[in-house]
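Residue numbers (UniProt numbering): 1 to 120.
Don't be surprised by glycine CBs; every beta carbon is placed ideally from N, CA and C.
Notes follow once the structure below has been shown.
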């Protein structure tokens, strides 16, 4: 994928979140970006420029814990056009959310998923 080909970006906290989501996706126009926790100004500027985040559909999908909420708040300030995706506080973590539940959440946001995960 070339640098200019990003049409949708999902921002997550960690690699385990990214891997969990990748299994469900059936949409090659989506790029998943890991922040590895909160991000500094310089790192954010790099992501903003590289992924064209001001001109891209951005989704924020982070854990429902203190660090996730802190990152969500930071990203909401920097990317006011971003759409927020929430996992249930029952599961707390993106990576701990059952595949069927996560597939349903993503499908509800018009993100292409492997429909087999809705049946599992």
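(Q) Taking the alpha-carbon of residue 54 as reference, which of 8, 101 and 106 has the nearest alpha-carbon? (A) Looking up residue 54 in the chain shown gives position 54. The shortest C-alpha separation from residue 54 is found at 8.
Q: Using only alpha-carbon positions, find the residue among 21, 101 and 58 that is nearest to residue 84.
A: Position 84 of the chain shown, counted from the first residue, corresponds to residue 84. Closest by alpha carbon: 58.
Q | Nearest to residue 47 (by Cα), restricted to the options 11, 69, 71 and 19 | A | Translated into the one-based positions of the chain shown, residue 47 becomes position 47. Out of 11, 69, 71 and 19, 11 has the C-alpha closest to the C-alpha of residue 47.
Q | Own chain, CB closer than 8 Å to residue 109, minus 5 neighbours either side, in chain order | A | Your numbering for residue 109 matches position 109 in the chain shown. Only 59, 83 and 85 meet the Cβ criterion.
Q.
Is it the case that the region 103-119 contacts the region 64-75, given that we only count it when at least three CB pairs across the two stretches are under 8 Å?
A. no
Q. Apart from the five residues just before and just after residue 70, which ones in its own chain have a Cβ nearer than 7 Å to its Cβ?
A. What you label residue 70 is simply residue 70 of the chain shown in a count that begins at 1. Cβ neighbours of residue 70 beyond the five flanking positions: 38.
Q) Around the Cβ of residue 117, are there at least 16 other Cβ atoms within 10 angstroms (buried) or fewer (exposed)? A) In the chain shown, residue 117 corresponds to position 117, counting from 1. Looking at its Cβ environment, which holds 16 or more other Cβ atoms inside 10 Å, residue 117 is buried.
Q | Three-state secondary structure assigned by DSSP to residue 91 | A | Taking the first residue of the chain shown as 1, we reach residue 91 at position 91. Three-state result, residue 91: coil.
Q) Taking the runs of the alpha helix (DSSP H) that are 4 residues or longer, which of them lie wholly in the UniProt domain "Toprim" (7-98)? A) 15-24, 41-50 and 66-78
Q: Can you give me the start and stop residues for the alpha helix (DSSP H) that residue 118 sits inside?
A: The count along the chain shown starts at 1 and reaches residue 118 at position 118. Residues 116-119.
Q. Exposed or buried, what is residue 2 when buried is set at 16 or more other beta-carbons lying within 10 Å of its beta-carbon?
A. Within the chain shown, residue 2 is the residue found at index 2, counting from 1. Confidence is the limiting factor: at residue 2 the pLDDT is only 43, short of 50, which leaves the residue's position unreliable, though a coordinate-based value still follows. Exposed is the call here.
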